[in-house]
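Read in order, the letters of the sequence shown correspond to residues -19 to -1, 1 to 587 in mature numbering (1 follows the signal peptide of the UniProt record, and there is no 0).
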Amino acid sequence: MRFHLLVVCLVQFVYYTHANNQDFVYLTRGFYHESNGLQPSCPSQIYCESEFLHDVQLSKIYPDSKTFVDKKLKYTESEILEKYKKLKNSYNGNVPPNDELTKFVDQYLEDGDELEEWSPPDFTESPSITNRIRDKNFKQWSLGLNKVWKTLARKVKMDVKDHPDKYSLIWVPNGFAIPGGRFRELYYWDTYWIVNGMLLCDMSSTARGVIDNILYLVKLFGFMPNGARVYYLNRSQPPMVTLMVASYYKATNDFDYVKKVISTLDSEFEFWTENRMVTFEKNGKSYTMARFYAPSRGPRPESYREDYETAEHFKTEDEKNDFYIKIKSGAETGWDFSSRWFITSNGSDRGVLSDIHTPEIIPVDLNSILHINALTLSTWYSKMGNTNKAEKYYTIATNLLNSIQEVMWRPDLGAWFDWDIKNNKSREYFFISNIVPLWTESYNMPKKSVASSVLGYLKDQHIIEPDYSVNFNGTPTSLYASSQQWDFPNAWPPLQAFIIQGLDKTQQKLAQQVAQKLAEVWLRSNYKGFAEKSMMFEKYDVLAAGETGGGGEYTPQTGFGWTNGVVFEFLNRWGDTVSNGPNGCNSSYKYLCDFNRIRQQLMFWT
């Protein structure tokens, strides 16, 4: 087994040279190298690693750790750190009292105010998708959601480009839609569903600009960070930009754009294959597959206190830094956090956050996404007449497909499962990720048999009943109520897209009927929340229609970019047939009305 330790040093250094008004330097993958050492999360001492950051975050003067690292510096970093050193010395080297610390922060930093409201030029009040929606309530809802694009639309102020050393935010050239709530910057995998929603609302020019922002950051850093903040430079997120371009191409038929950006997609793909692959054995055969792995030193700056306090469970600095790598790797998954990444001493998922072992889990979804990315790039290169590149990516896609089939597919269970390289075993727990190969079509078996197997698996897990009725107000992320936000009873929009669109793509009648039922239940829950609270949530509670999900490190967020995008996807596919209906109490959704039965099942599962 090979474990490679990636350190992104020059990436961060080159970004910060712009603080001296030098031009940005576009990086190539050659700037990445292996090292036995660990670098901090980013080169900024205030935003990523310093005594000042440590003291402020542990003081709890801000309930949310992200608040401090999103602030703007009023003075240079060196001036602020020198002033803080003097303040601390006046207290004999001790941390100043909270009132003094708050005063100091207010004197030398201020709220970022990095964004300005922006009106997308191609916004239209009545997008064409609304003409395909039969239910009058859903039609009005879609018009309301369309207006939310204007509410979420932002551009980064030019001052951020001119003075990047004053901000944690990273400048991007075009307008974009923020996810919502505490998330006021461009994020990676969220953007896929935001782009799809924009395209369905006839905003192809805006969608292209958003994709170009992602590609701009890929050119700048050699990969797309988790989000457009310097403290996210230690990690990425699920690699969705190739699929964003595919969505744009499908909507516009603009292959010239594909040709323009394909070399950047190339470099992003190579980041994953060169820095996130690991070789392991199963049944005596060697496989090389992708994992999430984000090596850097110290706690996540935006969740500093939470990580630091969890790390106190460990005795040595090496153990603590190992934990920090695993927690950052967990954030790279997009599922931050879930029992999916827990490996206890007996090899189960029934642990706590200190049991996180993300880099030792080979994820179904990541490898499936890389498979469809490689296949897409192969198809485009073939269309361009570049045979060598087309064959290269076809070979990569084939190898990943075979590995997914041989390592992850369980015919006895009817689904795909993450592989635990720590214990050399399949992780036989329910997660929606077990169904992602349906969405990416990462299988080489007949669609009829795969659809039948997966439907059987969903019945075995009580997601659906023997008569194919639906049990929840959305498919739960897992069946284990761990208190983590990517577990039961929470349901997340992108995961609904994976399972519902995956079933639909099998083109098997029964699977498509189940997909429509699941989509209708999800739409009804989202609509209920919007109708009653005028809000769209980041995540939902499957046991309470229209209610936000809970758990995790921060309060429930509203907005919400990817939620709206998934709603538009489902309305585009089924808007002519789905209806708001009687809140799930008809024959197709009868078990939604039987809360006692669901509660008994929950007690059994947990």
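Glycine included, each C-beta is placed from N, C-alpha and C at the ideal position.
| Item | Value |
| --- | --- |
| Going by DSSP, what residues sit across from Pro21 in a beta bridge? | Arg278 |
| Per DSSP, Trp555 forms a beta bridge with which residues? | Beta-bridge pairing links Trp555 to no other residue. |
| Please return the same chain residues whose Cβ sits closer than 6 Å to the Cβ of Ile377, not counting the five positions on each side in sequence. | Ala355 |
| Determine the extent of the beta strand (DSSP E) in which Leu96 is found, giving its start and end residues. | 96 to 98 |
| Applying the criterion that 16 or more other CB atoms from any shown protein chain within 10 Å of the CB defines a buried residue, is Asn194 buried or exposed? | buried |
| Under a three-way DSSP split, which group does Asp401 fall into? | strand |
| For the alpha helix (DSSP H) that Glu501 lies in, which residues bound it at each end? | 490 to 514 |
| Could you have a look at Met221 and say whether DSSP puts it in helix, strand or coil? | coil |
| Could you check the C-alpha separation between Pro282 and Phe204 for me, to the nearest Å? | 20 Å |
| Quick one: what does DSSP say Val547 is sitting in, helix, strand or coil? | helix |
| Our contact map puts Ile413 next to Thr458 with C-beta atoms below 8 Å; I'd like the distance itself, whole angstroms only. | 6 Å |
| For Leu196, which residues from the same chain have a beta carbon less than 6 Å from its beta carbon, with the 5 sequence-adjacent residues on both sides left out? | Val242, Thr245 |
| Grab the span of the beta strand (DSSP E) containing Lys136 for me, first residue to last. | 134 to 137 |
| Note down the Cα distance separating Met179 from Pro102, rounded to an integer number of angstroms. | 12 Å |
| Go through the region 79 to 123 residue by residue and report every complete run of the beta strand (DSSP E) that reaches 3 residues or more, in order. | 96 to 98 |
| Take Asn207 as the anchor and find which of Ser185, Thr172, Ala227, Asp183 has the nearest alpha-carbon. | Thr172 |
| How is the alpha helix (DSSP H) around Phe236 delimited, first residue to last? | 236 to 256 |
| Is Gly542 near Ile159, with beta carbons less than 9 Å apart? | yes |
| Taking the CB atoms as reference points, tell me whether Trp361 and Val222 lie closer together than 9 Å. | no |
| Using the three-state DSSP reduction, which class does Trp322 fall into: helix, strand or coil? | helix |
| Helix, strand or coil for Ser450, going by three-state DSSP, please let me know. | coil |
| Nearest to Gln488 by alpha carbon, out of Lys138, Ser450, Trp467, Ser433? | Ser433 |
| If I'm right that Asp522 touches Pro470 with Cβ under 8 Å, what's the distance once you round it to whole angstroms? | 5 Å |
| DSSP state of Asp522, grouped into three classes? | strand |
| Tell me which residue opens and which closes the alpha helix (DSSP H) that Lys429 is part of. | 428 to 441 |
| Across which residues does DSSP place Trp390 in a beta bridge pair? | Trp397 |
| Should Gln538 go down as buried or exposed, given a rule of 16 or more other Cβ atoms within 10 Å for buried? | buried |
| In the DSSP assignment, find the unbroken alpha helix (DSSP H) run with Ser384 in it and report its ends. | 368 to 384 |
| Taking Cβ to Cβ, would you say Leu460 is nearer than 9 Å to Tyr449? | no |
| Quick check on the DSSP output: the beta strand (DSSP E) that includes Gln266 runs from which residue to which? | Before going further, note that residue 266 is Lys rather than Gln in the sequence given. Its beta strand (DSSP E) spans residues 266 to 271. |
| Run the CB neighbour count on Gln465, radius 10 Å, all protein chains shown included, and call it buried at 16 or more, exposed below. | buried |
| Identify which residue in Ser267, Ser430, Pro280 has its Cα closest to the Cα of Glu30. | Pro280 |
| Nearest CA to the CA of Gly455: which residue from Leu167, Phe551, Lys373? | Phe551 |
| Taking C-beta to C-beta, are Asn234 and Gly190 nearer than 9 Å? | no |
| What separation, rounded to the nearest whole angstrom, lies between the Cα atoms of Tyr268 and Phe261? | 6 Å |
| Can you find the residues in the same chain that come closer than 7 Å, C-beta to C-beta, to Asn302, ignoring five residues on each side of it along the sequence? | Leu19, Arg278 |
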